[in-house]
Structure formats: structure tokens, C-alpha cells
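Q:
There are 2 protein chains.
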Amino acid sequence: MAYSIGILGATGAVGQELIRLLHERNFPVADLRLLASARSAGKSITYEGRSWTIEEATEGSFKDLDICIFSAGGSQSEAFAKAAVASGCIVIDNSSAFRGDPEVPLVVPEINPEAVEAHKGIIANPNCSTAIALMGLYPLHQAFGLKRFIASTYRAVSGSGAGGIIELEQQTRAWAAGEALQKEVYPHQIAFNLIPHVDSFQEDGYTREEMKMLHEGRKILGLDELVVTCTCVRVPVFRAHSISISAEFERPVSVAEAREAIAGFEGAELVDDPEKARYPMPLDYSEVVPCGVGRIRRDQVLANGLAFWVTGDQIWKGAALNAVQIAELLHERGLVKG
Amino acid sequence: MAYSIGILGATGAVGQELIRLLHERNFPVADLRLLASARSAGKSITYEGRSWTIEEATEGSFKDLDICIFSAGGSQSEAFAKAAVASGCIVIDNSSAFRGDPEVPLVVPEINPEAVEAHKGIIANPNCSTAIALMGLYPLHQAFGLKRFIASTYRAVSGSGAGGIIELEQQTRAWAAGEALQKEVYPHQIAFNLIPHVDSFQEDGYTREEMKMLHEGRKILGLDELVVTCTCVRVPVFRAHSISISAEFERPVSVAEAREAIAGFEGAELVDDPEKARYPMPLDYSEVVPCGVGRIRRDQVLANGLAFWVTGDQIWKGAALNAVQIAELLHERGLVKG
Numbered sequence: 001m002a003y004s005i006g007i008l009g010a011t012g013a014v015g016q017e018l019i020r021l022l023h024e025r026n027f028p029v030a031d032l033r034l035l036a037s038a039r040s041a042g043k044s045i046t047y048e049g050r051s052w053t054i055e056e057a058t059e060g061s062f063k064d065l066d067i068c069i070f071s072a073g074g075s076q077s078e079a080f081a082k083a084a085v086a087s088g089c090i091v092i093d094n095s096s097a098f099r100g101d102p103e104v105p106l107v108v109p110e111i112n113p114e115a116v117e118a119h120k121g122i123i124a125n126p127n128c129s130t131a132i133a134l135m136g137l138y139p140l141h142q143a144f145g146l147k148r149f150i151a152s153t154y155r156a157v158s159g160s161g162a163g164g165i166i167e168l169e170q171q172t173r174a175w176a177a178g179e180a181l182q183k184e185v186y187p188h189q190i191a192f193n194l195i196p197h198v199d200s201f202q203e204d205g206y207t208r209e210e211m212k213m214l215h216e217g218r219k220i221l222g223l224d225e226l227v228v229t230c231t232c233v234r235v236p237v238f239r240a241h242s243i244s245i246s247a248e249f250e251r252p253v254s255v256a257e258a259r260e261a262i263a264g265f266e267g268a269e270l271v272d273d274p275e276k277a278r279y280p281m282p283l284d285y286s287e288v289v290p291c292g293v294g295r296i297r298r299d300q301v302l303a304n305g306l307a308f309w310v311t312g313d314q315i316w317k318g319a320a321l322n323a324v325q326i327a328e329l330l331h332e333r334g335l336v337k338g
Numbered sequence: 339m340a341y342s343i344g345i346l347g348a349t350g351a352v353g354q355e356l357i358r359l360l361h362e363r364n365f366p367v368a369d370l371r372l373l374a375s376a377r378s379a380g381k382s383i384t385y386e387g388r389s390w391t392i393e394e395a396t397e398g399s400f401k402d403l404d405i406c407i408f409s410a411g412g413s414q415s416e417a418f419a420k421a422a423v424a425s426g427c428i429v430i431d432n433s434s435a436f437r438g439d440p441e442v443p444l445v446v447p448e449i450n451p452e453a454v455e456a457h458k459g460i461i462a463n464p465n466c467s468t469a470i471a472l473m474g475l476y477p478l479h480q481a482f483g484l485k486r487f488i489a490s491t492y493r494a495v496s497g498s499g500a501g502g503i504i505e506l507e508q509q510t511r512a513w514a515a516g517e518a519l520q521k522e523v524y525p526h527q528i529a530f531n532l533i534p535h536v537d538s539f540q541e542d543g544y545t546r547e548e549m550k551m552l553h554e555g556r557k558i559l560g561l562d563e564l565v566v567t568c569t570c571v572r573v574p575v576f577r578a579h580s581i582s583i584s585a586e587f588e589r590p591v592s593v594a595e596a597r598e599a600i601a602g603f604e605g606a607e608l609v610d611d612p613e614k615a616r617y618p619m620p621l622d623y624s625e626v627v628p629c630g631v632g633r634i635r636r637d638q639v640l641a642n643g644l645a646f647w648v649t650g651d652q653i654w655k656g657a658a659l660n661a662v663q664i665a666e667l668l669h670e671r672g673l674v675k676g
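Chains as they are written, first to last, in the numbering used here: chain B, 1 to 338; chain L, 339 to 676.
#1: Between residue 368 (chain L) and residue 404 (chain L), what straight-line distance do the alpha-carbon atoms span, to the nearest angstrom?
#2: Have a look at the DSSP bridge pairing and note the partners of residue 3 (chain B).
#3: Chain L beta carbons: is any one of them nearer than 8 angstroms to that of residue 204 (chain B)?
#4: Since residue 607 (chain L) contacts residue 620 (chain L) with CB under 8 angstroms, what's their CB separation in whole angstroms?
#5: Out of L:397, L:553 and L:577, which has the shortest C-alpha to C-alpha gap to residue 436 (chain L)?
#6: Would you tell me roughly how many angstroms separate the C-alpha atoms of residue 275 (chain B) and residue 248 (chain B), rounded to the nearest one?
#7: Using CA coordinates, which residue listed in L:455, L:594 and L:582 is at the minimum distance from residue 428 (chain L)?
#8: Could you tell me which uninterrupted beta strand (DSSP E) segments, each at least 3 residues in length, are contained entirely in the region 555-589 of chain L, listed from first to last along the chain?
#9: Are residue 142 (chain B) and residue 261 (chain B) touching if we call contact CB-CB under 8 angstroms?
#10: What residues in its chain sit with their C-beta under 8 angstroms from that of residue 54 (chain B), if we drop five residues either side in the sequence?
#11: Using a Cβ-Cβ cut-off of less than 8 angstroms, give me the residues of the region 523-540 of chain L that come near chain B, in sequence order.
#12: Between residue 623 (chain L) and chain B, is the shortest Cβ-Cβ distance under 8 angstroms, so that the two count as touching?
#13: Where does residue 219 (chain B) land, buried or exposed, given buried means 16+ other C-beta within 10 angstroms?
#14: Specify, as a first and last residue, the run of the beta strand (DSSP E) that residue 631 (chain L) falls within.
#15: Looking at chain L, is there any beta carbon in it that lies within less than 8 angstroms of the beta carbon of residue 237 (chain B)?
#16: For a quick check, are the C-beta atoms of residue 668 (chain L) and residue 662 (chain L) less than 8 angstroms apart?
#17: Any C-beta of chain B sitting closer than 8 angstroms to the C-beta of residue 591 (chain L)?
#18: Apart from the five residues on each side of it in sequence, which residues of its chain come closer than 7 angstroms, Cβ to Cβ, to residue 527 (chain L)?
#19: Roughly how many whole angstroms lie between the Cα atoms of residue 440 (chain L) and residue 464 (chain L)?
#20: What residue range does the beta strand (DSSP E) around residue 607 (chain L) cover?
#21: Measure the alpha-carbon distance for residue 413 (chain L) versus residue 255 (chain B) and round it to whole angstroms.
#22: Going by beta-carbon coordinates alone, are residue 5 (chain B) and residue 21 (chain B) separated by less than 8 angstroms?
#23: The alpha helix (DSSP H) that contains residue 163 (chain B), what's its start and end?
#24: Please list, in chain order, the chain B residues whose beta carbon lies closer than 9 angstroms to that of residue 510 (chain L).
#25: Which residues in chain B sit within 9 angstroms of residue 473 (chain L), going by Cβ to Cβ distance?
#26: Residue 490 (chain L) CB to nearest chain B CB: under 8 angstroms?
#27: Take every Cβ of the region 458-474 of chain L, pair it with every Cβ of the region 642-656 of chain L, and state whether three or more of those distances are shorter than 8 angstroms.
#28: Does the region 294-308 of chain B touch the region 165-179 of chain B, meaning 3 or more C-beta pairs lie closer than 8 angstroms?
#29: Using alpha carbons as the reference points, say which of B:119, B:136, B:16 and B:50 lies closest to residue 264 (chain B).
#30: Work out the CA separation of residue 536 (chain L) and residue 430 (chain L) for me, nearest whole Å.
#31: In chain B, what lies closer than 9 angstroms to residue 566 (chain L) by C-beta?
#32: Under three-state DSSP, which class holds residue 603 (chain L)?
#33: Name the residue from L:525, L:639, L:488 and L:580 whose alpha carbon lies nearest to the alpha carbon of residue 618 (chain L).
#34: On the premise that residue 208 (chain B) lies in contact with residue 157 (chain B), defined as a C-beta separation below 8 angstroms, what is that separation, rounded to the nearest angstrom?
#35: Measuring straight from C-alpha to C-alpha, what distance separates residue 350 (chain B) and residue 447 (chain L)?
#36: Between the Cα of residue 14 (chain B) and the Cα atoms of B:95, B:161 and B:122, which residue gives the shortest distance?
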């Protein structure tokens, strides 16, 4: 069994890694088609000696595809999802367009794989910070029962796509050369700076990005009562996000049991030997499949509380890897017609 | 009235800024003497056209000094504080050596200026992250009564002294030149990375630095029941620290009143207009006297809770500025014999 796979938004940072991960993880691809906007159509992308010409995405693009991974932003997802589904193509959508739709499963394969069964053509891939935070929160939830948590994120520039990575590179090179720094992607310099602003602001002062941790966390964990405070901060790091979390649980916690829970979870690695200066860091979790969890200790403020630190590759677990894992899940469960 | 002032540790990042701030703030200095270890003795420091030769610090160095600001680390403070006090010199100590001593006032002039009155020769200057966090927490405490808080810090490399700044500079230049990165100050690369490790670890998994937020917060605010969870993270930023805080208060809170409280406090500036992309950032709070407070919103997890973001110059409010402000306080209150 091998499938016709499409990637919408193939030229982006996530699109590039989708091609790589489908190949490296030996996903059964019979045919790969790369779709993008008219602006990119006709360009070609080469990977491991093979080349693909990018086709302009139109409503007719999906009729021969079994699965198409959408990674071109919410408006492109909204424009093409209906046509794709009508063509019999399963959409794995990396945008936030359908994540809140009760008809659309929001899936992290290590957490709620069974949710894919109910799909009606579209499966949503979660927000990057949420997916990475849950790699630490979920095994602890299984052990102790999650009630609420407070998260401060340290978000890499890859979360803004290829443009974010280029901006940090260019600003840093300009600094080293003693030249003026240009900015385009971010409203402020990101090199050697922090920007506590990711996505647009709501009236209550939270950003939409900050609220995703609550809304998507509830849906993925199936916890309607979950309460979350999140503060999202952009940091001058290339591609792995980190999150400092204080979480309160239903049942008494212990650090030893928490470590066991993390170590026993396939989505995470326990990196928690501070005496030897071992804890998860973005440089160690770029282009790595599991997320790293460490600095586990009792939270002083919250009842049955644990404080910990999670790091994971934003482009992988936060986007492309999770999408490919969803495709793998569909394949394993025989949910793709092929 | 003008005083003989000494600086112990004059060659460090904080020492340099002490010379500058004493000058720029027109502190009444009759005579300035720069002290350091034997290694630096004989070197000279020039500022605004004046030069000083660095003297080796000995027990006899303090007898003609009215005030000496110690900024050479805990072991130097322990070695010389007693001799300085015995010579009649008031010590303003920037290390953590005496902060927990009940005989030693720990002072942030905007918060507990009256504490200097009880000094017995030594006045302690607080930890940098604590001083900066309190610039947001204290006015909110006055308005609503602080009970407990959770803080995640984003610490600049200046917190490790001149060596930290040089390390980030050199690693970044090496990256831009395509050369191998060297490390000396930090156990891991700091350029484009995050290190969730500041100071040494205790058995319970917290670092000593993380516990300072609790111990020093309690002492400065006079709140013996205060509870704090702190996670300290080093970020690739040069000299201003930032802190994401979720705090719980005794009384009901409102964002409007919180903003008023911040705006009315001399140690802070309210920078909270997210729609215009205005919030405090390290680049805007380097070499600036007040700390910036913004992103104020209701915390979702804590009762009577507020979430907010504080940024302040680590070398200034976190060290040199607060020390000079303590000297100013001693002068204003006629507590220096001169």
C-alpha cells in the first residue's frame, strides 16, 4: 500500500521538513505532489537527488491525492479544504483554521490517536507550543490528573516560518558586521532581544497564541475544565521552543513518580540530571523526534504541583513531524483508501 | 557634604557602571578609590577623562572610606566586610553573602527605604532578578496584597558579569564567521540557545538563584508568608533581565487598577499598549533607570490573580543602580558620617 501525498505550502520551513520526514520515516509514498500559491508555481524543489516542480494549488489539485498536508496558513486552508475533502483527499491541516471545529479531530498521536477514527476528511495538527508543552504535561496528567497550569514560553523564530529564521540570521550577521539591523517579520529587533508578543491580541490582553494552549489543551486531553494561563515570548533561538510550566494535579505528586512517567512516555525524553548540567536545551532538541523534559521539582505555589521545563523542535513536533505522525496513524489504522 | 567612596571589584561589569552612575547621578564624591584583587592592582581605569589606579584590597584599605560598595563576589565580601565596618566604613554589599543575615538590612530604596536606618555597618543589595521582579510586584502588592507568585525568568548574560557578555559576543561572532564556538563561562553554548540553569542546584531541584526570589522577596516586602516558585533561565540577551510573573493577591484585582498602581510607582514605567506593539523589551530597558512593566492581564489560574511581564537593566537596577540609590538614601538621611 502506498499513497499519493500532497503538500500545500511546500516552499515554507514546515513544507521542506515534511518532504524530509516523509522520506526519512519511510512513509509509503507512491507519488508526491507539491502545491503552493501561483507565486511559487513552476519553481522546483530538490531533495536527495529528486526534483519536483511546484504546481499552483487550485480546487482541482486534490482529486488524485489520498492525503494532503496543508501548511500554507489559515486562509489557504479555508480556501482549499472543502474542495480537497470533496475530492476524497484527507486533509491534515497545520493551520489553526479548523482546530476548534467540533467536527474536526485535533490529534497528537502519542496522546489521542483514537480521535482520528472520527474524522470527516479534515484532521487538525495542533499549535506548536501546545504540542510541545503536552509532551511533558500528558504523561504527568496520566500519573496525577491535570487540573490547571501556568506556562511561559520561550519560542524560537522558526515559529514564524522561514522568514523568522532568515530575520534572526540577517540581524545577527548585521550586528557582527557593525551594520544597521533591518526588520521585516517582527515589529522589533529579535537578535539579542525578547518580544513578549506572538500572534494578535484579544481584548482581555492575551494573544490568540496564548489562548491556544487552553483551547487546544482542553480538546486534545479531553479536559473541558482545564484552566491555563500562558505567556508567549519570542526569543533569539532558531528552531526549538521551550516552555516553563507550573502545573496543579488532582492527586498528590512526587518528583520520582513524575520522572518515571516522563521516562515511560514515548513522546518525551527525561533529561533531568542538573548536577551534571543536564537539562533540555533548544540546541539539543533541534531535529530530534522526542521532546526533552527536565528541571522537574515540586511547585511551591500550587497544591499537588510540579514545576518543569520542556523543549522540542518547533518545526518537527510542533508542526511537520506531528503531521507525518498523523499520516502514519491513518495508514496503520487503514483509514486511507489509497 | 561629600564622601570618600570605595568600590571593591572595580574592574567588573557592575564596578564600571558604579563609577558611571556615581558620576551621572551627581553623588557627592569627595574622593573615589578603586579596590580589587592583587591581580588587578596597579591597572588604571579611566572615565570621563579622569584616571584611577586600582589598589589591592587589604584589611587596611577601608579606614579612610565613608562608604564602600562591594561588588567582587561573596568570598571577597566575607573576607573584607568585617574589617571595613571596624574601620567605620559603611559597606553596601552586592553579593549574596549577607542578604539572609537578620542584622543586615536588604534594601530596595523604592520599597523599604526605612530599613537602612537599622544598619550596623553592612547593607545588602538584592539579587538582580528579585530587584527587577519587585519593581512590578511591589506596587501591585500595595494595591492588592501579595500572597504568592510564580516567576519564569529570561536572564541576560550580564548577570554573569563581564565574562558573560564577552562569551555571548564571541560565540555570536564565531557563528557569523563560520568558526567553532568556544565556551568558558557557561557549561553550554549560550548564543541561539537557552540554559535553564543559573547558580548551583539544591537537593530539591531548585537552584540557589531561584530560591533568592523567595527569601529576598520575603525580607524586602516584610512578608514572611510569601510563597514563590521560580524558574531561572539564561537567554542570549546582553544586559536586561525579563520576568514572566503570575501572582495571586489577597484582594480582588482589576487590570485598570493594576495599571494605575504601576504607573504611579517611581521604580516602574507602564508600557502596556499591545495593540501598538508596546510592551517592555530588554533592548529598550538597557541603561534605563526604571523597569518596564506590561502585558498586564487577569491570571486565569490563580484567584485574584494577575499575569504580567517586567524588564529591567540587570547591571543597573539589578546591581549598580540599586547600590548607588542606597548610598543616596544614606546621604539623604544623614546616615554617613562623612
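Each residue gets a CB set at the ideal place from its N, CA and C atoms; glycine is no exception.
A quick note: this is a predicted structure, and the numbers were derived from the prediction, not measured.
A: Taking the coordinates as given:
#1: By 1-based counting over the second sequence, the position of residue 368 (chain L) is 30. By 1-based counting over the second sequence, the position of residue 404 (chain L) is 66. Using only the alpha carbons, I get a separation of about 10 angstroms.
#2: As a working mapping, residue 3 (chain B) is identified with position 3 in the first sequence. Looking at the DSSP assignment, residue 3 (chain B) forms a beta bridge with B:29.
#3: Counting from one through the first sequence, the residue named residue 204 (chain B) turns up at place 204. At least one chain L Cβ lies under 8 angstroms of residue 204 (chain B).
#4: Translated into positions along the second sequence, residue 607 (chain L) becomes position 269. Translated into positions along the second sequence, residue 620 (chain L) becomes position 282. For a cut-off of 8 angstroms, the C-beta gap from residue 607 (chain L) to residue 620 (chain L) is around 14 angstroms, too long to register as a contact.
#5: By 1-based counting over the second sequence, the position of residue 436 (chain L) is 98. Comparing Cα-Cα distances from residue 436 (chain L) to each of L:397, L:553 and L:577, the minimum goes to L:553.
#6: Your numbering for residue 275 (chain B) matches position 275 in the first sequence. Your numbering for residue 248 (chain B) matches position 248 in the first sequence. A direct Cα-Cα distance of roughly 26 angstroms separates residue 275 (chain B) from residue 248 (chain B).
#7: Residue 428 (chain L) sits at position 90 when you count from the first residue of the second sequence. Distances from the CA of residue 428 (chain L) to each of L:455, L:594 and L:582 were compared; the closest alpha carbon is that of L:455.
#8: The beta strand (DSSP E) runs of length 3 or more contained entirely in the region 555-589 of chain L are, from start to end of the chain, 565-569 and 578-587.
#9: Residue numbering aside, residue 142 (chain B) sits at position 142 when the first sequence is read from its first letter. Residue numbering aside, residue 261 (chain B) sits at position 261 when the first sequence is read from its first letter. Yes, these two residues count as a Cβ contact at 8 angstroms.
#10: Locating residue 54 (chain B) in the first sequence gives position 54, where the first residue counts as 1. Non-local beta-carbon contacts of residue 54 (chain B) in its own chain, meaning distances under 8 angstroms to residues more than five positions away in sequence, involve 10, 11, 34, 35, 36, 40, 41, 42, 43, 44 and 45 in chain order.
#11: Sequence-ordered contacts of the region 523-540 of chain L with chain B read 525, 526, 527, 530, 531, 532, 533, 534, 535 and 539 [C-beta pairs closer than 8 angstroms].
#12: For the purposes of this step, residue 623 (chain L) is taken as residue 285 along the second sequence, with counting starting at 1. In terms of beta-carbon proximity, residue 623 (chain L) stays away from the interface with chain B, with every pair separated by 8 angstroms or more.
#13: Taking the first sequence and counting its residues from 1, one reaches residue 219 (chain B) at position 219. The residue in question, residue 219 (chain B), is buried, as its Cβ has 16 or more Cβ neighbours within 10 Å.
#14: Position 293 of the second sequence, counted from the first residue, corresponds to residue 631 (chain L). Residues 629-636.
#15: In the first sequence, counting from the first residue as 1, residue 237 (chain B) sits at position 237. True, the Cβ-Cβ gap to chain L drops below 8 angstroms.
#16: Your numbering for residue 668 (chain L) matches position 330 in the second sequence. Your numbering for residue 662 (chain L) matches position 324 in the second sequence. Taking a C-beta distance under 8 angstroms as the contact criterion, residue 668 (chain L) and residue 662 (chain L) do not qualify as a contact pair.
#17: As a first step, residue 591 (chain L) must be located in the second sequence, where it is residue number 253. It does not; no Cβ of chain B falls within 8 angstroms.
#18: As a position in the second sequence, residue 527 (chain L) is number 189, starting the count at 1. Cβ within range, chain order: 509, 519 and 521.
#19: The residue given as residue 440 (chain L) occupies position 102 in the second sequence. The residue given as residue 464 (chain L) occupies position 126 in the second sequence. Their Cα atoms are separated by approximately 14 angstroms.
#20: What you label residue 607 (chain L) is simply residue 269 of the second sequence in a count that begins at 1. That run of the beta strand (DSSP E) goes 606-608.
#21: On the second sequence, position 75 is the one that residue 413 (chain L) refers to. On the first sequence, position 255 is the one that residue 255 (chain B) refers to. Those two C-alpha atoms are separated by around 34 angstroms.
#22: Start at 1 with the first residue of the first sequence, and residue 5 (chain B) comes out as number 5. Start at 1 with the first residue of the first sequence, and residue 21 (chain B) comes out as number 21. Contact annotation: residue 5 (chain B) and residue 21 (chain B) have beta-carbon atoms that are not nearer than 8 angstroms.
#23: Counted from its first residue, the first sequence places residue 163 (chain B) at position 163. Residue 163 (chain B) -> alpha helix (DSSP H) spans 162-176.
#24: By one-based count along the second sequence, residue 510 (chain L) stands at place 172. The contacting residues are 172, 175, 176, 191 and 192.
#25: Counting from 1 along the second sequence, the entry for residue 473 (chain L) is found at position 135. Under the 9 angstroms cutoff, chain B gives no residues; its nearest Cβ is about 16 angstroms from residue 473 (chain L).
#26: Here the question's residue 490 (chain L) lines up with position 152 in the second sequence. Closer than 8 angstroms to some Cβ of chain B, the Cβ of residue 490 (chain L) qualifies, so yes.
#27: Because the criterion of three Cβ pairs below 8 angstroms is met, the region 458-474 of chain L and the region 642-656 of chain L touch.
#28: The answer is no - the region 294-308 of chain B does not touch the region 165-179 of chain B, with fewer than three Cβ pairs under 8 angstroms.
#29: In the first sequence, residue 264 (chain B) corresponds to position 264, counting from 1. Considering only alpha carbons, the answer is B:136.
#30: Position 92 of the second sequence holds residue 430 (chain L). Position 198 of the second sequence holds residue 536 (chain L). Our two residues, residue 430 (chain L) and residue 536 (chain L), have alpha carbons roughly 24 angstroms apart in a direct line.
#31: What you label residue 566 (chain L) is simply residue 228 of the second sequence in a count that begins at 1. Going along chain B in sequence order, the residues near residue 566 (chain L) (Cβ under 9 angstroms) are 300 and 301.
#32: Taking the first residue of the second sequence as position 1, residue 603 (chain L) is located at position 265. Coil.
#33: Locating residue 618 (chain L) in the second sequence gives position 280, counting from the first residue. Nearest of L:525, L:639, L:488 and L:580 to residue 618 (chain L), Cα basis: L:580.
#34: Here residue 157 (chain B) refers to the residue found at position 157 when the first sequence is read from its first residue. Here residue 208 (chain B) refers to the residue found at position 208 when the first sequence is read from its first residue. Contact doesn't hold; Cβ gap of about 19 angstroms is too wide.
#35: No statement about residue 350 (chain B) is possible, as the shown extent of chain B runs from 1 to 338 and does not include it.
#36: Position 14 of the first sequence holds residue 14 (chain B). Answer by Cα proximity: B:161.
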